[in-house]
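For reference, each letter of the sequence shown is one residue, going 1 to 253 in the UniProt record's numbering.
The C-beta atom is built at its ideal place from N, Cα and C for all residues, glycine as well.
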Amino acid sequence: MQEEMQSLHENHTYELVELPKGRRALKNKWVYRIKTEESSSKPRYKARLVVKGFGQEKGIDFEEIFSPVVKMSSIRVVLGLAAVQDLEIEQLDVKTAFLHGDLEEEIYMEQPEGFKVPGKENLVCRLMKSLYGLKQAPRQWYKKFESFMAEHDFTKTKSDHCVFIKRYERGDFLILLLYVDDMLIIGQDRIKIDALKKDLSKSFAMKDLGPAKQILGMRITRDRSKRLLWISQERYIEKVLERFNMNKSKPVN
1 MQEEMQSLHE
11 NHTYELVELP
21 KGRRALKNKW
31 VYRIKTEESS
41 SKPRYKARLV
51 VKGFGQEKGI
61 DFEEIFSPVV
71 KMSSIRVVLG
81 LAAVQDLEIE
91 QLDVKTAFLH
101 GDLEEEIYME
111 QPEGFKVPGK
121 ENLVCRLMKS
131 LYGLKQAPRQ
141 WYKKFESFMA
151 EHDFTKTKSD
161 HCVFIKRYER
171 GDFLILLLYV
181 DDMLIIGQDR
191 IKIDALKKDL
201 SKSFAMKDLG
211 PAKQILGMRI
221 TRDRSKRLLW
231 ISQERYIEKV
241 LERFNMNKSK
251 PVN
């Protein structure tokens, strides 16, 4: 929780103000999650402050809310291209991605439970940046990221607005796939990939996961010497079996 609050303060997510007459402050809650990384067996405990966005009113607290994500067909095509051409596939994660989106509406929220400022309990948070739970949060994050990519000479494909491509001389290129806060960078030139990672880290809080091992719950396995690549959902299937208490069941045959 302390780590989450630190992220909010560093990102200047809100400021404490008096609630204007005729306005109401949205409520919020803490959401807890245990996350296990692919490369580690140790669980990671996360806490996230979430706005109760179901209390928002259209025309007052939000307008448009649609935000695209990369299509599964695009992921398969690009991974296939990477396998055939023996391209690098790097994975990155944006920490607290939705906090980067700029808000266009005037929104107020109650102070987070357990973190009310002593002596200022009567004040509320005026949100300056987007926050998880807001109806427009995914859209504002996408608009922010889309603007960043355009500034760095990447263009969106017409078939998928979450596939960004930058072409260089002599036929070289970089491809970036975006699924909310998960991204894959595909390219041949390590120097160009590292330069893009550095630019991303200057604008957003990034976590470099290195060579891609999984995406959207699918495990990625490669045999680069034979230019082969496999994607599987073994772990996803195991989780489904665990959920329905069938992980120790014996197969029919």
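#### Entry: GLU63 (DSSP reduced to helix, strand or coil)
The DSSP-derived three-state label of GLU63 is coil.
### Query
What is the DSSP secondary structure of GLY187, reduced to helix, strand or coil?
Collapsing the DSSP output to three states places GLY187 in a strand.
### Task
Can you have a look at MET72 and say buried or exposed, based on whether 16 or more other CB atoms are within 10 angstroms of its CB?
Exposed, by the Cβ-count rule.
### Task
Please name the residue or residues paired with ILE75 in a DSSP beta bridge.
Among the bridge pairs identified by DSSP, ILE75 is matched with none.
### Task
Please name the residue in ARG23, PRO138, LEU49 whose C-alpha comes closest to that of PRO68.
It is PRO138.
### Message
Tell me the rounded alpha-carbon separation between ARG227 and LYS143.
### Response
Straight-line Cα distance between these residues: approximately 36 Å.
### Alpha-carbon to alpha-carbon, PHE115 and ARG48
Distance between the alpha carbons of ARG48 and PHE115: 13 Å.
### Query
Are the stretch 122–133 and the stretch 12–25 touching, with three or more C-beta to C-beta distances below 8 Å?
Here the stretch 122–133 makes contact with the stretch 12–25; the two share three or more CB pairs at distances below 8 Å.
### Task
Tell me the start and end of each unbroken beta strand (DSSP E) in the stretch 82–158 that is at least 3 residues and wholly inside, in chain order.
Within the stretch 82–158, the complete beta strand (DSSP E) runs of at least 3 residues are 88–94, 124–127.
### Message
Among TYR168, GLU10, MET1, whose alpha-carbon lies nearest the alpha-carbon of ALA205?
### Response
It is GLU10.
### Collapsed DSSP secondary structure at ARG224 in the structure displayed
Coil, per DSSP.
#### Entry: Collapsed DSSP secondary structure at LYS198 in the structure displayed
The answer is helix: DSSP assigns LYS198 an H, G or I state.
### Query
For VAL240, does the three-state DSSP call read helix, strand or coil?
Note: VAL240 maps to helix in three-state DSSP.
### Message
Just to confirm before moving on: does the CB-CB distance between LEU176 and MET109 stay below 7 Å?
### Response
Taking the C-beta atoms as reference points, MET109 is found no nearer than 7 Å to LEU176.
### Query
Is it right to say residue 331 is buried, meaning 16 or more other beta carbons lie within 10 angstroms of its own, or is it exposed?
This structure cannot speak to residue 331, because the chain is shown only from 1 to 253.
### Task
For ILE191, count neighbouring Cβ atoms within 10 angstroms of its own Cβ and tell me buried if that reaches 16, exposed if not.
Result: exposed.
### Message
Once the 5 residues before and after ASN247 are set aside, which same chain residues still bring their CB inside 6 Å of it?
### Response
Here the set comprises LEU241.
### Buried versus exposed call for HIS12 [16 or more other C-beta atoms within 10 Å across all chains shown]
The residue in question, HIS12, is exposed, as its Cβ has fewer than 16 Cβ neighbours within 10 Å.
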